[in-house]
Amino acid sequence: MGISRRTVLAGAAASVAAPAVATPAAASSDVVAITGVTVIDAHGRRRGQTVLMRGGRILDTGRISVPHDARVLDGRGKYLIPGLADMHTHATGIDATEPEMYVVNGVTTTREMSANEPAIGWQREIDSGVRVGPRWIVGSAIVDGSPSLWEGLGVPYVAVADAAEARAAVRAQAAAGAAFIKTYSRLSRESFHAIAAESRRAGLPFLGHVPDFVPVTEASDAGLHTIEHLFEFWYDTSRDEEWLRREIARIRVAGGDYAGWFTRLHPVEFAAARSHDRDKAARLFERLARNGTRVTPTLTVHWTCDTPQDVPHDDPRFRYVSADTLAYWQWCTDTIYLKGRTAKESAERQELFVRRLRLAGEMARAGVPLMTGTDLGTSYLMPGFSLHDELRLLVRAGVSTAQVLRAATLEPALSLGRHDQGLVTRGHVADLVLLDADPLRDIAATAQINSVVVRGKLIDAAARQRMLAGIEAAARAKPATGVLPVAAGCACHAPVSRA
């Protein structure tokens, strides 16, 4: 199941050519006004508002007059929210329309969790104005322990065996321009703390997986900026924590044996989840909230990994991806997720997913700041589209619609240090989504998109439909190669290729 670096770069090169997707034309006036709209953001609901934009910024909001030469969009009966953020993505480069898929879904910010070539290339194109896309924040290569789970799999990673190598990795990634350092599961405790210290010296956030050998409390106290996924929480919240950590320490995983790691950890994780102690959990959550440690639950990826048999394979949204992507998803499901899985394990994993939902709800009620992320790159997750699935899963977990919207807008902005983002207010960036229904009443309304504003560019309803049609046409026009493409994945799947 090996992938060469050449394969990754070839996939990236194939994605460089911009797809034939219609983009919005320039407005006749440099001022855009959305009138009579209900604004909803982390500051609440405000009815009958006019929002003025120019040069990528919000000029003003409120019951204000509209310049005579402004381009006017009637917002009566509609709802305006800040642009959405997917804070856990891995650009695959399989389909070259990934940036546009984000935008038509109202996702105006993405955080790339492994510095791969497609993401870096798209970031340059978007920043230079060559194509329309989200604000793309690209982190470091994955920094893992030695041996690494990614060994021989073609994904950008750095394996560190000790504190000195960990510090050197941080310096190298900082010099390469990484916006943050991404930590991974097999880091030793010594290496993890060396990354924390060196990241502070470099002035970079470090974030990602809590390593198998580091308690969540210890990682949070060390300054881990955000915790990705819900794997490690079970041990800190278990009444059998001491025994469970001894079991984890006994697990040996060879380099590149991602599937083996995932399988061997399952019995321990399941035992930990079943020994969940609410009092210990409350103390942990209070500590995370006090430290300001944000959590990205990525319920969508847990859903696809825990219960792949429940994922529909006839989703009408799949018309926006290529035959190669569909084939890859199916192959991964059959070969990685379900192969060899017993009925007993399937039942355990279904129970585990229900427990993950409860865990996310507990965190939200305890005041732990949550953020939305999908772990794009996993089977049956789509750029932009799957973020709306994440919002619905968070509500199913017991998180209020207001909290979910905050997790998708303001919390990501604050996490990125963007104090001019995530709200619909004067001086903020003009990243906005106009909806046809009220998301506070039903979170599914976030997918009922009328228009999108990204970096001040208005994509009205007609332009958005043209972009969707172009994305679909590009997917259909791409010939099926019969070769399983590379996916730069994360927590729950290994990228693979088949000869």
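Numbering (mature numbering (1 follows the signal peptide of the UniProt record, and there is no 0)), first residue to last: -22 to -1, 1 to 477. Where is the CB? At the ideal position from N, CA and C, for every residue including glycine. As the structure is a prediction and not an experimental result, all values here were calculated from the model.
In this model, Arg23 and Val17 are separated by some 6 angstroms (Cα to Cα).
Boundaries of the alpha helix (DSSP H) around Tyr80: 76 to 82. Measuring C-alpha to C-alpha distances from Ile12 to each of Ser126, His21, Thr28 identifies Thr28 as the nearest.
With fewer than 16 other beta carbons inside 10 angstroms of its own, Pro245 counts as exposed. In this structure, DSSP gives Asn94 a state outside helix and strand, which the three-state scheme calls coil. Put simply, the backbone Cα of Arg433 is about 47 angstroms away from that of Ala249. In the three-state scheme derived from DSSP, where H, G and I count as helix and E and B as strand, Glu210 is classed as coil.
Contact between Ala157 and Val116 holds, since their C-beta atoms are separated by about 6 angstroms, short of 8 angstroms. Cβ-Cβ distances below 7 angstroms link Glu225 to Val246 in the same chain, with the five nearest sequence neighbours on each side left out; the list follows chain order. Each of His207, Val332, Gly355 was checked against the Cα of Arg252, and the nearest Cα belongs to Val332.
In terms of Cβ geometry, Thr271 and Leu202 form a close pair [threshold 8 angstroms]. Short of 7 angstroms from the beta carbon of Thr379, and not among the five residues preceding or following it, lie these beta carbons of its own chain, in chain order: Val373, Pro417, Leu418, Ile421. Rounded to whole angstroms, the separation of the alpha carbons of Trp221 and Arg228 is 11 angstroms.
Gly53 sits away from Gly84, with the two beta carbons spaced by 8 angstroms or more. Here Ser216 really is in contact with His254; their C-beta atoms are around 6 angstroms apart, less than 8 angstroms.
An exposed status is given to Gln287, since fewer than 16 other beta-carbon atoms sit within 10 Å of its beta-carbon. Around the Cβ of Val382, a 10 Å sphere holds 16 or more other Cβ atoms; the residue is buried.
Its Cα nearest to that of Ala69, the residue Pro96 stands out among Gly181, Pro60, Pro96, Ile449. With contacts defined by Cβ atoms closer than 8 angstroms, Thr274 and His406 do not form a contacting pair. Our two residues, Ile42 and Leu58, have alpha carbons roughly 16 angstroms apart in a direct line. In the three-state DSSP reduction, Lys435 falls in the strand class (E or B). In this structure, Tyr162 places its C-beta atom within 8 angstroms of the C-beta atom of Ile120. Inclusion of Thr303 and Leu359 in the CB contact set at 8 angstroms is not warranted, their separation being larger than that value.
Assignment of Pro286 by DSSP, reduced to helix, strand and coil, places it in the helix class. Per DSSP, Asp8 lies in no alpha helix (DSSP H) segment and is marked neither H nor E. DSSP, read as helix, strand or coil, puts Ser216 in strand.
Spatial neighbours of Ala375 in its own chain (CB-CB distance under 6 angstroms, excluding positions within 5 residues in sequence) are listed in chain order as Leu335, Ala338, Gly339.
Excluding sequence positions up to five before and after Val377, its CB lies within less than 8 angstroms of the CB of Ala338, Gly339, Ala342, Leu348, Ala385, all in the same chain and listed in chain order.
In the DSSP assignment, Gly40 falls within the unbroken beta strand (DSSP E) covering 35 to 40.
Annotation for Trp128: no alpha helix (DSSP H) segment contains it, and DSSP assigns it neither H nor E.
Annotation: Ala20 to Leu37 spans about 19 angstroms, alpha carbon to alpha carbon. Distance from Ala391 to Gly400 at the Cβ level is roughly 3 angstroms; contact confirmed, criterion being Cβ atoms closer than 8 angstroms. DSSP, reduced to helix, strand and coil, places Phe263 within a helical segment of the structure shown. The alpha-carbon separation between Ala260 and Ile104 amounts to approximately 43 angstroms. The C-beta of Thr320 has fewer than 16 other C-beta atoms within 10 Å across all chains shown, which makes the residue exposed. The C-alpha of Gly362 is placed about 14 angstroms away from the C-alpha of Ala423.
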